[in-house]
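Notes to accompany the following structure.
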Ligand SMILES: CC(C)(COP(=O)(O)OP(=O)(O)OC[C@H]1O[C@@H](n2cnc3c(N)ncnc32)[C@H](O)[C@@H]1OP(=O)(O)O)[C@@H](O)C(=O)NCCC(=O)NCCS
């Protein structure tokens, strides 16, 4: 499926995106903030695309202006979020594109998709301690803080404090419906 916003196309990842993915995922300011390691090569990016990013409900964030992917956004299930009617929103974007409101723009469309197309009742979103940028994104979108917990970040082999927020279908309808 392909989704669209004013400046962006959200479409499935393809193996051919490996070079563009690596261009941004090689930067140490991106992956570790989101819980995954810095990519070491375009070949690694290709593997991650194939094994992770090509999963259901994960989309490449593509700039309409260039037609190239610059980040990723997706809805996931995990140990904490396993009910049929709930998923967790995750996202990242390449450093050259920070601060233009692109992830909030993509996330608003993902929330519409989550509640209207997929029929979810709850979308969770979390950020690790110190990730003020992601905290801001969640505040701007209207997520409501729920709890803080220590979790094991398996891909990085470390414990982190995780701040968890929620948007319910009712919240979404009130703000965006
Ligand atoms: C968090 C992230 C997705 C934000 O995406 P974005 O499209 O830049 O979002 P915004 O443009 O709304 O900026 C969010 C905040 O980042 C900060 N910011 C913006 N540009 C910045 C820059 N160049 N350098 C540092 N901080 C910046 C601002 O505080 C901004 O909030 P504001 O709108 O109140 O000024 C992006 O920074 C990122 O990919 N970070 C690394 C991966 C990550 O943390 N993913 C989330 C895991 S929970």
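In the numbering used here, the protein residues as written are 4 to 180.
We put the beta carbon where it would ideally sit given N, CA and C, even for glycine.
Ligand 1 heavy atom lying under 7 angstroms from the CB of residue i
i, result
"residue 56", "no"
"residue 137", "yes"
"residue 101", "yes"
"residue 78", "no"
"residue 96", "yes"
"residue 71", "no"
"residue 13", "no"
"residue 105", "yes"
"residue 67", "no"
"residue 134", "yes"
"residue 36", "yes"
"residue 126", "no"
"residue 156", "no"
Residue(s) in a DSSP beta bridge with residue i
i, result
"residue 25", "BP columns for residue 25 are empty, so no partner."
"residue 89", "125"
"residue 94", "76"
N- and C-terminal bounds of the alpha helix (DSSP H) containing residue i
i, result
"residue 34", "34-37"
Nonlocal neighbours in the same chain, by C-beta distance under 8 angstroms from residue i, ignoring five residues either side
i, result
"residue 91", "78, 79, 80, 81, 83, 84, 126, 127, 128, 129"
"residue 68", "10"
Residue interval of the beta strand (DSSP E) (run including residue i)
i, result
"residue 9", "Element bounds for residue 9: n/a, residue is neither H nor E."
Contacts around residue i, its chain only, beta-carbon distance under 6 angstroms, and the 5 residues preceding and following it disregarded
i, result
"residue 137", "130"
"residue 31", "41"
Cut-off 7 angstroms between Cβ atoms - residues of its own chain near residue i, not counting five sequence neighbours on either side
i, result
"residue 175", "114, 118"
"residue 169", "125, 127, 146, 147, 149"
Interface flag, residue i vs chain B, CB-CB below 8 angstroms
i, result
"residue 68", "The structure shown has no chain B; it contains just one protein chain."
- Kindly provide the ranges of any beta strand (DSSP E) runs that are 3 or more residues long and lie completely inside the stretch 46-87, ordered along the chain. 61-66, 72-79
- Which whole runs of the beta strand (DSSP E) in the stretch 98-172 are 3 residues long or more, in chain order? If we require 3 residues or more, the beta strand (DSSP E) runs fully inside the stretch 98-172 come out as 125-131, 147-156, 161-171.
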